[in-house]
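Following: one structure in structure tokens, then a few remarks.
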Amino acid sequence: MDERAPHESFAKLADETRVDILRAVAVAERDRESGGEEPYLSFSELRDRVEVSNSSRFAYHLDQLTGTFLHKADRGYTFTWSGERIVRTILAGGYGTPIEFDSVPVEGACPACGADALRAGAERVMIRVRCADCDGPIASFPLTPGLAADREPEAIVQAAERRTRSDFDDIFAGDCPKCAGRLDHEIRERDALPGDPFLTINRCRECLAPFGLPLSMWALSHPATVAFYWNRGIDIRSKPIWNLFAHLSDGGWTVEVESEPRTYRVTLREDEDELRLTFDADLSVTDVARLTSEA
Ligand SMILES: [Zn+2]
Ligand SMILES: [Zn+2]
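In structure tokens form, the structure reads like this:
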């Protein structure tokens, strides 16, 4: 673990040549022939890939990166963990340039007013799905420069939603989607959505990132939920999140709390059938019940 103070580490990046060196390592990694191995570049290989007027100047800059952003071994240089992270951020870009795209209509009804008037648009670092009738915010997803590059607005929204679904899976497993650190979960009584009175707050112990998620959404990844819908010809994992919220507002899905011991019941209904998942206060599923009209 590198215990160097962050401000000292970042100060080492305040030079164009050093950023070019990190970029060159990333390009070499992309272009390498072998799949699994870590790419090591020798001093001369790196030197050939970076434009700098003299060798001793280059050696000085390389030395400044070594230990913090580059690891030096007998075979040559490769990224440290922070070097790899920082170069991905640099390459994916977007410094000081707002990411913008024209809002697009998305399918589904507003859980607050019922209008079929949902639109998704860029709002600073987020994509927000709003109701064009009541202006209520329905859902939001992180908007990254990589997401917005080489995609049409509809595809940006779809990809953002997919990424959020995979983030959900990390959160359900107790892992931070940003750094893989451990999450602490907390359940707050607060109208997260019309029809769901509980909001789970999931905070990373390491990078401090907070993730808010309505309690009902925790039912989504359970195999019983996936099967319940799959048996009815519905792939619940591919339904946009904002379409699912309508199930809560129309009473199709309900969320209830029991006090002793404290448990939360999420009931999903489809036609005459019900699936009920019980969660304990740590958000683990403790019981799954199927109630069906079918014999
Ligand atoms: Zn509305
Ligand atoms: Zn984290």
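Residue numbers (the working numbering): 6 to 300.
Ideal Cβ positions, reconstructed from N, Cα and C, are used throughout, including at glycine.
#1: How should Asp285 be labelled, buried or exposed, when 16 other C-beta atoms within 10 angstroms of its C-beta is the threshold for buried?
#2: Within the 7 Å Cβ cut-off, does Gly179 reach chain C?
#3: Specify, as a first and last residue, the run of the alpha helix (DSSP H) that Asn207 falls within.
#4: Helix, strand or coil, according to DSSP, for Ile192 in the structure here?
#5: For Ala120, verify whether its CB is less than 6 Å away from any heavy atom of ligand 1.
#6: Between Gly141 and ligand 1, is there a pair consisting of the residue's CB and a ligand heavy atom that are separated by less than 6 Å?
#7: In this structure, what does DSSP give as the bridge partners for Thr102?
#8: Could you give the distance in angstroms between the alpha-carbon of Tyr269 and the alpha-carbon of Gln69?
#9: I'd like the ranges of any alpha helix (DSSP H) spanning at least 4 consecutive residues and lying wholly in the segment 83-151.
#10: Can you confirm whether the segment 129-140 touches the segment 108-115 when touching is taken to mean that 3 or more C-beta pairs between the two stretches lie within less than 8 Å?
#11: Return the CA-CA distance between Arg187 and Ser61, expressed in angstroms with no decimal places.
#12: Just curious, the beta strand (DSSP E) that Pro182 is in, first and last residue?
#13: Here's the rule: buried if 16 or more other CB atoms are within 10 angstroms of the residue's CB, otherwise exposed. What is Val260?
#14: Is Asp196 close to ligand 1? I mean its beta-carbon at under 6 Å from any heavy atom of the ligand.
#15: With 16 as the cutoff for other CB atoms within 10 Å, does Tyr82 come out buried or exposed?
#16: Is it buried or exposed, Cys209, if we count other Cβ atoms within 10 angstroms and call 16 or more buried?
#17: Taking C-alpha atoms, which residue in Ile26, Glu157 and Arg170 lies nearest to Met222?
#18: For Asp3, I'd like the list of residues in its chain whose CB is within less than 7 Å of its CB, leaving aside the five on either flank, ordered along the chain.
#19: Any heavy atom of ligand 2 closer than 6 Å to the Cβ of Gly179?
#20: Is any heavy atom in ligand 1 found nearer than 6 Å to the beta carbon of Ala117?
#21: Among Glu38, Arg195 and Ile26, which residue has its Cα nearest to the Cα of Leu67?
#22: Can you tell me where the beta strand (DSSP E) holding Glu56 begins and where it ends?
#23: Cutting at 7 Å between CB atoms, please list the residues of its own chain near Leu148, excluding the five before and the five after it.
#24: Under 6 Å: does the beta carbon of Gly186 sit that close to some heavy atom of ligand 3?
A quick look at the data gives this:
#1: exposed
#2: Looking for chain C here will not work: only one protein chain is present.
#3: Counting along the chain, Asn207 falls outside any alpha helix (DSSP H), though it belongs to the beta strand (DSSP E) covering Asp201 to Cys209.
#4: strand
#5: yes
#6: Yes - ligand 1 has a heavy atom lying nearer than 6 Å to the Cβ of Gly141.
#7: Beta-bridge pairing links Thr102 to no other residue.
#8: 54 Å
#9: 86-97
#10: yes
#11: 44 Å
#12: Element bounds for Pro182: n/a, residue is neither H nor E.
#13: buried
#14: no
#15: buried
#16: buried
#17: Arg170
#18: This structure gives no information on residue 3, because the portion of the chain shown stretches from 6 to 300.
#19: no
#20: yes
#21: Ile26
#22: From DSSP, Glu56 is part of no beta strand (DSSP E); its letter is neither H nor E.
#23: Ile104, Ala127, Val130, Met131, Ile132 and Ala165
#24: Of the ligands one can find in the structure shown, namely ligand 1 and ligand 2, none is ligand 3.
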